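Student: First to last, the sequence lines map onto chains Z and W.
Take the working numbering: the last position of the first sequence gets the number 1091, and nothing is skipped along the way.
Take the working numbering: the last position of the second sequence gets the number 475, and nothing is skipped along the way.
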Amino acid sequence: MIEVWHLIIGNPVLNVLIALSHLLSGEFGLAIIALTIIVRLISWPLTKRQLNSSKALQDMQPKIQELQKKYGKNKQKLQQEMMKLYKEAGVNPLGCLWPMLIQFPIWIALYQAIMRALATTPENLLDLAHRLYSWDIVNQAIPLNSHFLWLDLGQPDPYMILAIIVGGTMWVQQKMTQAPAIDPGQQSTSRMMLLMMPLMFGFLTLMFPSGLALYWAVSNVIGIITQYFVTGGWGYLKFRSPFQSTQ
Amino acid sequence: MKQPKILFLVVIALLPLTLVSCVSGGTQSARGWPGTIVHDGIIYAGSTDGSVVAINSSTENLEWSYSIALVTAPSSFLSCGQTSAPTAIYGTPVVDRDIVYIGTYSGQVLALNMLARSQNLTFPQQRYGEWKWDCPIDNAESNAIVADLLLSEDAIYVSSSNGRVYSLDKEFGDLNWESKILDEKHRKLWTSPVIQGNTLYVSTYDGHIYALLLETGELLDWFFESEAGFTSSPVIDEDTIFLGSFDRYLYAVKIGSDLPMWKFPQEEPAGNWFWASPIVNEGIVYAGCLDGRVYAIEAKTGGKLWEFDAGNAIVSSPVLMDNLLIVTDESGTVYVFDLSVELEDEAAPLKVISIEADVRSSFCAQEGLVYIRGEDNWIYVVDIDSGEVSWKVPLTIEE
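(1) Out of W/Lys330, W/Tyr327, W/Ala106, W/Ser243, which one is the CA nearest neighbour of Z/Leu970?
(2) Rounded C-beta distance between W/Asp405 and W/Ala424? I'm assuming under 8 angstroms.
(3) In chain order, what residues of the same chain lie with their CB nearer than 6 angstroms to the CB of W/Tyr325, ignoring the 5 residues before and after it?
(4) Check this for me: beta carbons of Z/Ser865 and Z/Ala985, under 8 angstroms apart or not?
(5) Helix, strand or coil for W/Ser155, going by three-state DSSP, please let me know.
(6) Hey, quick one: how far does the alpha helix (DSSP H) through Z/Pro966 stretch, first residue to last?
(7) Below 6 angstroms CB to CB, which residues in the same chain sit around Z/Ala863 once its five sequence neighbours on both sides are set aside?
(8) Can the beta-carbon of W/Ile271 be found less than 8 angstroms from the beta-carbon of W/Pro310?
(9) 8 angstroms is my cut-off, CB to CB: does W/Leu319 come that close to chain Z?
(10) Helix, strand or coil for Z/Arg960, going by three-state DSSP, please let me know.
(11) Quick one: grab the DSSP three-state call for W/Gln442.
(12) Anything in the stretch 898-924 of chain Z with a Cβ closer than 8 angstroms to a Cβ of chain W? List those residues in chain order, please.
(13) With DSSP as the reference, please indicate the residues paired to W/Lys339 in a beta bridge.
(14) From what residue to what residue does the alpha helix (DSSP H) around Z/Met904 run?
(15) State the start and end residues of the unbroken alpha helix (DSSP H) segment that holds W/Thr163.
(16) Does W/Tyr281 get closer than 8 angstroms to chain Z when you measure Cβ to Cβ?
(17) Going along the chain, which residues of the stretch 320-352 of chain W sit with their C-beta nearer than 8 angstroms to a C-beta in chain Z?
(18) Please list, in chain order, the chain Z residues whose beta carbon lies closer than 7 angstroms to that of W/Lys261.
(19) Is W/Val435 closer than 8 angstroms to W/Glu451 when the C-beta atoms are compared?
(20) Would you check if the distance between the CB atom of W/Ser255 and the CB atom of W/Leu288 is smaller than 8 angstroms?
(21) How close, in whole Å, do the beta carbons of W/Gly111 and W/Ser462 come, if the pair is a contact with beta carbons under 8 angstroms?
(22) When you compare only the Cα positions, how much space is there between W/Val235 and W/Thr280?
(23) Any Cβ of chain C within less than 8 angstroms of the Cβ of Z/Glu847?
(24) I'd like to know whether the C-beta atoms of W/Asn348 and Z/Ala973 end up nearer to each other than 8 angstroms.
(25) For the beta strand (DSSP E) that contains W/His20, what are its first and last residues?
(26) What is the DSSP secondary structure of Z/Asn983, counted as helix, strand or coil?
(27) Considering only residues of the same chain and omitting the five flanking positions on each side of W/Trp454, which have a CB-CB separation below 7 angstroms?
(28) Taking one C-beta from the stretch 217-224 of chain W and one from the stretch 177-188 of chain W each time, how about it: are there three or more such pairs within less than 8 angstroms?
(29) Quick one: give me the first and last residue of the alpha helix (DSSP H) that W/Ala192 is part of.
(30) Just the Cα atoms here: how many angstroms apart are Z/Arg893 and Z/Gly934?
Written out as structure tokens, the structure is:
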């Protein structure tokens, strides 16, 4: 099973990352950024679907507010009507989470690729020799330079700058896509989730090699930009909850 | 409806944590692969539990063992404390008279006196000529010593992961000189220097061979530059340096020249890196490759004389004993080639002996016996005549 994983995902990601590094003047940090862009391009159909769903949710807000006014006191009925509305519009309010789920295998592969490619111990360097393709571009890039800007890509960022960037950009991206909760009870859950994920990833940035955190940060920034242009604005970042407005 | 949704969100939030705890990143910690040497009937080797061990090759008994102090290492994820671990050893011990020198991954060079160690006295016993030298980190990620130490008449030369080469006084461990940082990009100097005349030659991962004045460490004008980094320590025969590169070629570089004399293979690159240093004997270069092949190459021209496919990566340098060439592959198979007979293009070994343990460290051969440290941390003594493991002994001493 592990060998299949390396054959299909692990080793290709590792070799592409090293090849990109060679093409980008030996800058491993730039290679990670380039790989992030490639991953985002590959996952574009999924992202587009999610963004369209998000846009549809925004467009539905007047109808949602109408329902809010109409069934404000009957929670169960409101829920039913809301679900009906979502179903009719073909929208899944939790759809924004799927692209993130899809990215988990890529994160794992990237994490392994960064650690393997930087080969911090002699054992890792020897292991790397067995995983490289026979491409000249790959072999000429070894060993890699682990330094990029102020970061050692194999180590966590000691200055916490990357943690703030990852947490901040994730919050903005989530805030742009996450539809405000209708139910006051759900609103606290929604608010908690909006904070939990950025805090979690900010915390993980302090633990993980900064190369992986760089992927998260760049991926978030690309997400914000595409979200801005596809949905035509800042989305829910500037949007007040219908519950708040009815109050 | 609400509860499953919250559950779903919690699962989503916990997935990154699962990622952290379940995925090791596929990396291996520094465990070490110390080599073996035999001197005056005693086998000296490092062990993966951070000890230097001396074993009598006649009686097969332990003469002495010295456990190098534990090093503190950051503990695992989400644990704030530090743990102690044995230091890793990659180099082969170097013996000069009654002193055994060893470099460690924790950045120390130790001079151990055989008598003091056999009496188990506190280290270091200065009256016995023992000393310890701590390599500075020097703003690098590490001060680890991975390469073999190099001994001259009155000094010991150390390549460090901080990118510098150091010359130490052999008797007292005082610093004679330190070189400038030779590899600014990677800093890691994991290859050993080599001496010829009054010059020290060092290869680097950024693809340079530098020449340093032996007395002062001053960089000489000549250096060689290659597009790819060098994997192996340089070996010198007459005025030519032989070494392996990350671009899967073996290079021959004439000292003073800007261009390689030849690269091997002459057409397509080999199947993998020439990780181990080659050896040169009577105008022939013998090189093991991580692609599992052993090559015999004409030193003057770079032309292939013969090759043998072992099928497993060759990590250790070959060894010569009289007219026998001894090669081990990573899976622990020992191949013996008789060089007194003319070998064909696809050479066949005289003997094939398995020790049934992986081999990554350098080994030695003497008087018909081959001394190999297996990755299982045992010393295997292979008798070439009988083609069998004559005896074996564990290096991990059980308390």
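Each residue gets a CB set at the ideal place from its N, CA and C atoms; glycine is no exception.
Only a predicted model underlies this, so the values are computations on that prediction, with no experimental measurement involved.
Tutor: Let me spell this out:
(1) In terms of Cα proximity to Z/Leu970, the closest of W/Lys330, W/Tyr327, W/Ala106, W/Ser243 is W/Ala106.
(2) Not really, about 15 angstroms apart at Cβ, beyond 8 angstroms.
(3) Residues of the same chain with a CB within less than 6 angstroms of the CB of W/Tyr325, apart from the 5 flanking positions on each side, are Lys339, Pro345 in chain order.
(4) Yes, Cβ-Cβ distance for Z/Ser865 and Z/Ala985 is below 8 angstroms.
(5) Bear in mind that a pLDDT of 45 at W/Ser155, under 50, signals an unreliable position, so the number given afterwards is only what the model happens to contain. Note: W/Ser155 maps to coil in three-state DSSP.
(6) From DSSP, the alpha helix (DSSP H) with Z/Pro966 extends over 966-973.
(7) These residues qualify, in order along the chain: Ile981, Val982.
(8) For the pair W/Ile271 and W/Pro310, the CB atoms are not nearer than the 8 angstroms cut-off.
(9) Under the Cβ criterion of 8 angstroms, W/Leu319 is not counted among the residues facing chain Z.
(10) In this structure, Z/Arg960 counts as helix in the three-state DSSP scheme.
(11) Three-state result, W/Gln442: strand.
(12) So the close ones are Gln923.
(13) Its beta-bridge partners are W/Tyr327.
(14) According to the DSSP assignment, Z/Met904 belongs to no alpha helix (DSSP H), since it is labelled neither H nor E.
(15) No alpha helix (DSSP H) contains W/Thr163, which DSSP labels as neither H nor E.
(16) Yes - at least one Cβ of chain Z is within 8 angstroms of the one on W/Tyr281.
(17) The residues in question are Phe322, Asp323, Arg324, Pro345, Gly347, Asn348, Trp349, Trp351.
(18) In chain order: Asn989.
(19) Yes, these two residues count as a Cβ contact at 8 angstroms.
(20) The answer is yes: Cβ separation under 8 angstroms.
(21) The Cβ separation is near 24 angstroms, so there is no contact.
(22) The question names Val, yet the displayed sequence has Ser at residue 235 of chain W. The straight-line gap from Cα to Cα measures roughly 10 angstroms.
(23) The displayed structure is made up of protein chains Z and W, and chain C is not among them.
(24) Yes. Within cutoff.
(25) Lying before the first or after the last residue shown, residue 20 of chain W is absent from chain W, which here runs from 77 to 475.
(26) Three-state result, Z/Asn983: helix.
(27) Excluding residues up to 5 positions away in sequence, Ala433, Lys468, Val469, Pro470, Leu471 lie with their Cβ nearer than 7 angstroms to the Cβ of W/Trp454 in the same chain.
(28) Under the Cβ criterion (8 angstroms, minimum of three pairs), the stretch 217-224 of chain W counts as touching the stretch 177-188 of chain W.
(29) Counting along the chain, the alpha helix (DSSP H) containing W/Ala192 begins and ends at 190-194.
(30) Computed Cα separation, rounded: 11 angstroms.
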